[in-house]
Amino acid sequence: MSRYSASLFGLLLILCSQCKKETAFVLTVSDERTGELLSGAMVTWQQGGSNDAISGVTTTDNSGRAYINSLYEEISVSYSVSKDGYHSESRTMGTLSPEVNQERLSVFPLSVLSGSLYDTKTQSPLTEVSVTLFQAGGSEQQQYSDQNGDFEFSGLEISAYELRIEQEGYKEVTSTYTIQKGDYIDRNFGLVPYATMYGLVNDEEGNQPLSGAIVQLKSDGTVINEVQSDASGAFFFEKLSPGEYSLNVTISGYITSSEEVIMFEEDRSVIIALSKQASIHGELRNVVDNSLISNLVVQLDPGTRQQVTQVDGRFGFENLSAGEYTLSISDVAYEPVNQSITIQDDTQINRIISLVPKVPTIEVNVTSLDFGETQDQKVLEVTNSGNGDLSWRIEETLDYLEVNPTSGVISPSDIEVVTLSVDREPLNQGVHEKSIAVVSDVGSIQVDVSVSVVTQLCANLSELNFQEDIVEREFTIENCGRGTLTYSIQNNKSWIILNKTQGSVAKGTEVVEVSIDRDQMTPGDYEGTIYVNSDDGGTAQIDIYATVIDETLPRIAVTPDEIQFGSNLDEASITIENQGGSELSWSASIDETWLQISPAQGDLVEGGEMDLILSVERDLLAPGDHYSSVTFISNGGATVVRANLRVEIAPNLEVAIDSLFFGEGLNQLSVDINNGGTGDLSWTITSNQDWLSPSVPSGANDATVQINIDRSKAFYGENIGVISISGANQIHRIFVSMTKVPPPPTLRFELSVYDEPSGDGLANRTEQVTLALEISNVGEYQVENVIIEIDLQNGPFTWTGGMTGQLRDINISEGATELVTFDVKIEESAEYNTQYNLLLSGQDRWGYSIDDEIVNLMVSPDFVVWDGLLNYFRWIDNSRTFVDDWNGDDMFSRGNGVIVEGNGPKGISDTAISFTGNSYAYSLPGRLTENGLNEITFSFWMKTDHAFGEKRQIIGSATDDKDAFIIGLEKDGTLFYGSRNLFKPNDIFPWAWDDDESVNGWVYLTITIENGTQRLYVNAKNEEINRKTNILNSIPSVSEPGLILGARPNNGGTSHDHFFLGSIDNLRIYDRILNPDEIEIIYESER
9 MSRYSASLFG LLLILCSQCK KETAFVLTVS DERTGELLSG AMVTWQQGGS NDAISGVTTT
69 DNSGRAYINS LYEEISVSYS VSKDGYHSES RTMGTLSPEV NQERLSVFPL SVLSGSLYDT
129 KTQSPLTEVS VTLFQAGGSE QQQYSDQNGD FEFSGLEISA YELRIEQEGY KEVTSTYTIQ
189 KGDYIDRNFG LVPYATMYGL VNDEEGNQPL SGAIVQLKSD GTVINEVQSD ASGAFFFEKL
249 SPGEYSLNVT ISGYITSSEE VIMFEEDRSV IIALSKQASI HGELRNVVDN SLISNLVVQL
309 DPGTRQQVTQ VDGRFGFENL SAGEYTLSIS DVAYEPVNQS ITIQDDTQIN RIISLVPKVP
369 TIEVNVTSLD FGETQDQKVL EVTNSGNGDL SWRIEETLDY LEVNPTSGVI SPSDIEVVTL
429 SVDREPLNQG VHEKSIAVVS DVGSIQVDVS VSVVTQLCAN LSELNFQEDI VEREFTIENC
489 GRGTLTYSIQ NNKSWIILNK TQGSVAKGTE VVEVSIDRDQ MTPGDYEGTI YVNSDDGGTA
549 QIDIYATVID ETLPRIAVTP DEIQFGSNLD EASITIENQG GSELSWSASI DETWLQISPA
609 QGDLVEGGEM DLILSVERDL LAPGDHYSSV TFISNGGATV VRANLRVEIA PNLEVAIDSL
669 FFGEGLNQLS VDINNGGTGD LSWTITSNQD WLSPSVPSGA NDATVQINID RSKAFYGENI
729 GVISISGANQ IHRIFVSMTK VPPPPTLRFE LSVYDEPSGD GLANRTEQVT LALEISNVGE
789 YQVENVIIEI DLQNGPFTWT GGMTGQLRDI NISEGATELV TFDVKIEESA EYNTQYNLLL
849 SGQDRWGYSI DDEIVNLMVS PDFVVWDGLL NYFRWIDNSR TFVDDWNGDD MFSRGNGVIV
909 EGNGPKGISD TAISFTGNSY AYSLPGRLTE NGLNEITFSF WMKTDHAFGE KRQIIGSATD
969 DKDAFIIGLE KDGTLFYGSR NLFKPNDIFP WAWDDDESVN GWVYLTITIE NGTQRLYVNA
1029 KNEEINRKTN ILNSIPSVSE PGLILGARPN NGGTSHDHFF LGSIDNLRIY DRILNPDEIE
1089 IIYESER
């Protein structure tokens, strides 16, 4: 808008304020995430141009509204909104209407990154843990987790961040995030505690501690720590993460030990017992003179150990284990030795070994070598036909004979090939005969050598023409034969002058200079002859021609005789000269119009000369090569000067395309490079990305270049590169784009109840539970922006806590696991001990679908009564392992129990522990480690036979000599429980089996003991008894002698009697008294 129009607009606002209706604008501001209306937000507004604008500032009221009055209709208004804790936003509302104008604006709260820290071993929250947030660009924030293990970074800018969690005694955790506008990220982090490995190094035989042992700790084959055992043989390694390690222990005099150790989240102790080692020592002597032999290799197998004998001939092998060994010596100078040796523990063996030296023998394949006239090379074979190494050499060598090699060492039965080469150059013609000697310590052999030399004379010319003005010329003499050629030279004219008349030549050529003396000659033509003779090498004849001119006549000469203008030269000079004895008149003519000469004619006095200018007109010519000539005619002869030039157009780089796109599956495209001009175009082609490469780095003129991509070097997603082509002072750039699509994601899901100690997917009716979904990326790339849909499959669940069944923006690195939690409420209609399915599906940022996966959620009442649960035993599979599902401890078998099908209530596992009544019993491990428990509850399912014939112990800790707790069956099948091993009648509760109360023969029994008061529940029905006779007021420790299932121990637990006959499953032990409601819940859930 011009200054005039802006002023006019402002004037109209003033003048029309009385004639134009005012209007109002109402702005409602809310929270983008929650929808909450925001009060106290500052609204800055402006209407009109920059010169005559009206503006103001207001704030939103409690209803989140800002009211702006005195605005004019048909004019737009701009505004911006800001509030602490929120991102600022700016908008422009179009032309206002006469009515009240309304608009709603949602603003994003500043981003938050929070989390909770817990110990993966104890599942307890971790407090006072250092949590540092690093922002891209260098800034950082640090917090410490609170008493609940929580931390929170708020008011975060849009940026990339790295979160680092550090705590003494725990493995460091790092994670990266890209914070967007309005993000609220909450994560749970499990910190893995370090453990300590304690160790002891002992002598295996004497069980004595070994100090000073080197103990190396390795992980994945790499030494990560090294210590020495102390005076008590002890060592330790701290701050170890769970995983597999290996220990290497070495100490002088003992066999090195290697042991694999698996560390969990607890400390661990190891004992390393080392075995002593033996040794072998000895010396080597020559059997001939009994001298000591040094610097010889002695090898001990197995193990391929080697020692080199010292000056005193001795060797030694230490730290040997008991076993069979072989001592071997193999040397070129001695016969081989192999001795077997048996080693016992602590054995020290000494040996003197006598060696038999080897004796060599020398032989040659020929004793005479004839090279004749033409051969230059022959071979001589030297053979060692004896034992031991043969040292040899060539003596009495000849000047003209080269020998290679001249000496050496030959192993037994081996051959050395000696090459002899003849140089005939220093030899005269004839036959040359000499001898050489092959010498060794065991004898010498003479070899006769004969060489024949024949020479041959060769001259390079048959004539020399000195024409009118040549004074000196030359020719060459060459020895075309072998040896050295001796020659002599004569001529038949006195005006022929030679620089030499005799000489010799071997290899190469000899130059002879020839000149003529024109002072002896009058004008006219002359001929002569030169004769070259040799000693038996032949002869040669060279004819000589010369002309003597009349110096009184004019004679024309022009130099140079050729001008090359090339591509750039437009002018050149030539010189015309009168070399005669009188005035020269000349003229020049040209056969092409593009070539001119100046001047074109003239006269020259005797001995005179002048420069002439040749010029070209390139504009008259087409591109290409052009040729012409200048013909000179005079009274002193004629001559011609040739001329040529080249007309070029500069090269021009032409590339038709500016961009390339490589679609999926396409790895090569072509680019045409053209020379749009003339002349040669040289070009280079380069790339700025590793994944992008041309097929050639450079070229000339027109070409087709293949552009290749290597997707293995590119990032997943869109990749941009540039191909640059340079030539003729030009650069052409081609932008290349390629999208590398990752393979479909491979995710694994595991669902569990997050806030229950077992974490095994069990939950209770009518409760709101937090479910933990572990999403593991088992693929080969990071998945981004994953959306997971959770379908409750019409199960008895409802979402709570704002959950809608969708998890968004999940990013998981390859090999990593993301823990996501969400809340559901289990409805009253859910059935106990029933497994319900949840369907998981979704897709990632590439549109790949996540394979549908069913995860399970078990609704069970088990953890209604988990408080005080010490042990929960059930038979789980056919491996005869009785597992404590609560504590994680296996039972220890004292017999060979067998398995029967449960075939009972639905709470009974498919298999149960079975007792045949003969030699089968089990020791129950677990957490009964405290003496003096005044309250305890036992509950289990039992199936038995009525016909016993003797007392049977079901569970107890009494022995034949220890008064302790017992639950058992009498001979008649009645149940008893008491405190002694004598099974006194007053301890018996007279309850007998009733098949109507069983479920397929199974009965659910619960016994509570509270300070001597005992209660029996049969199928959750109370059969109370209160007999305190011989009833202990406390329950003994599991270690004295422990709780025994299926029999009574005797002799301190080394034998058993009163074996139980039947089956047992789902044995629970509590350190408190269960109330009747709790007992009934367990019974109803498993019945």
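Going by the working numbering, the sequence shown opens with residue 9, and the numbers climb by one from there. A virtual CB, placed ideally from N, CA and C, is assigned to each residue, including glycine. All values reported here derive from a predicted model rather than from experimental measurement.
Three or more Cβ pairs closer than 8 Å define a contact, and the region 743-753 meets that threshold against the region 663-679. Minimum Cα-Cα distance from Gln961 among the listed residues Met950, Gly976 and Gln352 corresponds to Gly976.
Exclusion of the five residues before and after Asp543 leaves Thr494 as the residues of its chain whose Cβ lies within less than 6 Å of its Cβ.
With respect to Ala144, Ser167 sits close: the two C-beta atoms are nearer than 8 Å. Per DSSP, the unbroken beta strand (DSSP E) holding Glu662 starts and ends at Leu661 to Val663. Lys508 sits in coil when the DSSP states are folded into three classes, being neither helix nor strand. By a beta-carbon distance limit of 8 Å, Ser88 does not contact Thr31. Their separation comes to about 20 Å. When DSSP states are grouped into helix, strand and coil, Pro368 belongs to the coil group. Between Asn196 and Thr829, the C-beta spacing is below 8 Å.
Given a length threshold of 4 residues, the region 481-531 has no whole run of the alpha helix (DSSP H) inside it. Beta bridge pairing from DSSP links Gln549 with Tyr539. Of the candidates Arg432, Ser348 and Ile485, Arg432 places its Cα closest to the Cα of Gln385. The DSSP assignment places complete beta strand (DSSP E) segments of no fewer than 3 residues inside the region 178-223 at 181-187, 192-199 and 203-211, in order along the chain. Excluding residues up to 5 positions away in sequence, Ser460 lie with their Cβ nearer than 6 Å to the Cβ of Val439 in the same chain.
When DSSP reads this structure, Ala651 sits in a beta bridge with Ile571 and Ser636. Contact annotation: Leu363 and Tyr342 have beta-carbon atoms nearer than 8 Å. Contiguous beta strand (DSSP E) elements confined to the region 579-614 occur at 579-586, 592-598, 603-606 and 609-612, taking only those with 3 or more residues.
About 7 Å separates the CB atoms of Ile820 and Gln790; that is less than 8 Å, so the two are in contact. Ile361 sits close to Leu292, with the two beta carbons spaced by under 8 Å. Between Ile423 and Thr391 a beta carbon distance of about 5 Å is seen, short of the 8 Å cut, so the two are scored as contacting. DSSP links Asn785 through a beta bridge to Leu755. In the same chain as Gly241, and ignoring 5 residues on each side of it, the C-beta atoms closer than 7 Å to its own belong to Leu208, Val209, Asn210, Pro217, Leu218 and Ser219, in chain order. Considering only Ala708, Ser706 and Ser701, the residue with the shortest C-alpha distance to Ile717 is Ser701. Here Asn303 is exposed. Its C-beta has fewer than 16 other C-beta atoms within 10 Å. Per DSSP, Glu559 is not a residue of any beta strand (DSSP E), being assigned neither H nor E. Inter-residue distance for Gly671 and Leu677 is about 11 Å (C-alpha atoms, whole angstroms). Pairing Glu273 with Asp228, the inter-Cα distance amounts to about 19 Å. For Arg526, the CB contacts under 6 Å within the same chain, skipping 5 residues up- and downstream, are Val556 in chain order.
Cβ-Cβ distances below 8 Å link Glu559 to Gly588 and Gly589 in the same chain, with the five nearest sequence neighbours on each side left out; the list follows chain order.
A distance below 7 Å between beta-carbons, with the five flanking residues on each side excluded, links Leu561 to the following residues of its chain, in chain order: Gly588, Gly589, Ser590 and Gly644.
Here the region 681-696 makes contact with the region 721-738; the two share three or more CB pairs at distances below 8 Å. Between Ile370 and Glu403, the alpha-carbon positions lie close to 15 Å from each other.
Contact between the region 140-154 and the region 58-70 is not established, with fewer than three Cβ pairs separated by less than 8 Å.
In this structure, the CA atom of Lys129 is about 19 Å from the CA atom of Leu779.
Taking every protein chain shown into account, the CB of Leu847 has fewer than 16 other CB atoms within 10 angstroms, so this residue is exposed. Counting every other CB atom within 10 Å of its CB across the protein chains shown gives Asp627 a total below 16, marking it as exposed.
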